[in-house]
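For the sequence shown, this note's numbering assigns the number 3 to the initial residue and increments by one for each residue that follows.
As structure tokens, the structure follows; a few thoughts come after it.
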Amino acid sequence: MIKVGVLGAKGRMGTQVSSAVEAADDLTLAAAVDVGDDRDALAGCDVVVDFTHPSAVLDNLRWCIDHDLSCAVGTSGFDEARLGQVRGGLAGPRLAPASAPARTPARTPAHTPARTPASLRDGRDVRVLIAPNFSVGAVLMMHFASQAARFFESAEVVELHHAGKADAPSGTALRTASLIAAAREAAGLGASPDVTTTEVPGARGATVDDVHVHAVRLAGLVAHQEVLLGGHGETLTIRHDSLDRASFMPGVLLAVRSLASLPPGLTVGIESLLGLA
Ligand code: NAP
Numbered sequence: 003m004i005k006v007g008v009l010g011a012k013g014r015m016g017t018q019v020s021s022a023v024e025a026a027d028d029l030t031l032a033a034a035v036d037v038g039d040d041r042d043a044l045a046g047c048d049v050v051v052d053f054t055h056p057s058a059v060l061d062n063l064r065w066c067i068d069h070d071l072s073c074a075v076g077t078s079g080f081d082e083a084r085l086g087q088v089r090g091g092l093a094g095p096r097l098a099p100a101s102a103p104a105r106t107p108a109r110t111p112a113h114t115p116a117r118t119p120a121s122l123r124d125g126r127d128v129r130v131l132i133a134p135n136f137s138v139g140a141v142l143m144m145h146f147a148s149q150a151a152r153f154f155e156s157a158e159v160v161e162l163h164h165a166g167k168a169d170a171p172s173g174t175a176l177r178t179a180s181l182i183a184a185a186r187e188a189a190g191l192g193a194s195p196d197v198t199t200t201e202v203p204g205a206r207g208a209t210v211d212d213v214h215v216h217a218v219r220l221a222g223l224v225a226h227q228e229v230l231l232g233g234h235g236e237t238l239t240i241r242h243d244s245l246d247r248a249s250f251m252p253g254v255l256l257a258v259r260s261l262a263s264l265p266p267g268l269t270v271g272i273e274s275l276l277g278l279a
């Protein structure tokens with residue numbers, strides 16, 4: 003039986019994850035923690051799942067790593083700089099459990115506790131999986147986009163989400179743009195052609211690794227993305243729609259069950275768990 007703790011347990015995703023864990027025969031929901039709860043409840047968990055807020059997740063991760071707790075993270079907002087912070091936390095010394103505050107802070111932590119050399123311990127056995135998207139369809143969409151990118155002159159990404167989403171563009175869109183950019187660079191392609199000279203600020207979206215990314219926020223939506231590829235007299239659109247948050251649960255449960263078999267340290271995305279990387 004795998005003991006699972008959920009951070010953000012009262013949120014939209016956390017509620018679904020808690021139910022999915024409770025419904026699985028091989029998993030047990032050992033702790034359900036939300037804002038203001040005592041994180042010490044997570045002690046003894048085999049895996050902690052974090053679906054909280056971009057401003058809270060790094061503090062939660064620091065606390066989990068310091069307590070030797072492996073994590074599957076769905077919370078968005080991870081760019082290269084933030085991933086670097088996680089790698090640094092995993093590679094570096096860690097605080098003794100008593101030195102880190104147990105209670106979950108408000109969304110923006112007021113301060114980060116100083117590390118105390120006297121209480122250092124090696125935290126390298128901890129595994130952290132950060133997945134910009136746990137939906138199998140969305141992961142395939144990114145995979146297909148990465149495969150197709152080298153064949154087309156132009157590529158743009160349009161992501162569409164519910165109006166309650168805190169960050170833009172989405173983590174999935176950032177990752178898609180990076181994958182497309184890497185594939186284009188490997189194929190010797192430069193930036194997509196674009197002769198725009200006058201522009202209302204933002205009209206061409208954000209530029210992520212030279213790929214234009216557009217973010218739509220609309221009540222009624224869940225999570226959707228289109229990758230638009232254009233070439234000589236043809237276009238290819240790769241679209242994925244998460245119509246219900248249940249779409250993320252198979253990926254989350256796969257991550258929970260597979261985390262112990264991953265190498266220690268940071269893994270980004272569930273591609274390797276799906277045999278795609
Ligand atoms: P949500 O409904 O706002 O839920 C977040 C929950 O976490 C809330 O109950 C929030 O409490 C709580 N929380 C905030 N700070 C916390 C902390 N320090 N410790 C414990 N709990 C804390 O958001 P959501 O829709 O579930 O989404 C959560 C995150 O997952 C977002 O970043 C979203 O973009 C991401 N997401 C990822 C995927 C994926 O596949 N990777 C899929 C969907 C969503 P308060 O409301 O009181 O602040």
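A virtual CB, placed ideally from N, CA and C, is assigned to each residue, including glycine.
Count the other CB atoms within 10 Å of the CB of residue i; is the residue buried (16 or more) or exposed (fewer)?
i: residue 161; result: buried
i: residue 3; result: exposed
i: residue 18; result: buried
i: residue 130; result: buried
i: residue 171; result: buried
i: residue 78; result: buried
i: residue 213; result: buried
i: residue 177; result: buried
i: residue 291; result: Because the chain here runs from 3 to 279, residue 291 falls outside it and cannot be looked at.
i: residue 133; result: buried
i: residue 25; result: exposed
i: residue 175; result: buried
i: residue 158; result: buried
i: residue 181; result: buried
i: residue 154; result: buried
Return yes when the C-beta of residue i is under 8 Å from any heavy atom of the ligand NAP, and no when it is not.
i: residue 269; result: no
i: residue 247; result: yes
i: residue 143; result: no
i: residue 16; result: yes
i: residue 178; result: no
i: residue 208; result: no
i: residue 167; result: yes
i: residue 250; result: yes
i: residue 200; result: no
i: residue 5; result: no
i: residue 76; result: yes
i: residue 32; result: no
i: residue 134; result: yes
i: residue 222; result: no
i: residue 72; result: no
i: residue 9; result: yes
Measure the beta-carbon distance from residue i to residue j and round it to whole angstroms, keeping in mind my assumption that it falls under 8 Å.
i: residue 268; j: residue 92; result: 6 Å
i: residue 36; j: residue 11; result: 5 Å
i: residue 70; j: residue 8; result: Wrong, their Cβ atoms sit about 18 Å apart, outside the cutoff.
i: residue 145; j: residue 228; result: About 15 Å; that fails the 8 Å criterion.
With DSSP collapsed to three states, give me the class of residue i.
i: residue 220; result: coil
i: residue 255; result: helix
i: residue 202; result: coil
i: residue 31; result: strand
i: residue 268; result: strand
i: residue 54; result: coil
i: residue 82; result: helix
i: residue 91; result: helix
i: residue 40; result: strand
i: residue 197; result: coil
i: residue 6; result: strand
i: residue 121; result: No answer about residue 121 holds up, because its pLDDT of 33 lies below 50 and its placement is not dependable.
i: residue 161; result: strand
i: residue 244; result: strand
i: residue 138; result: helix
i: residue 22; result: helix
i: residue 101; result: Residue placement at residue 101 is poorly supported in this model, since its pLDDT is 45, which falls under 50; the coordinates are not used for a value here.
i: residue 230; result: strand
i: residue 262; result: helix
i: residue 47; result: coil
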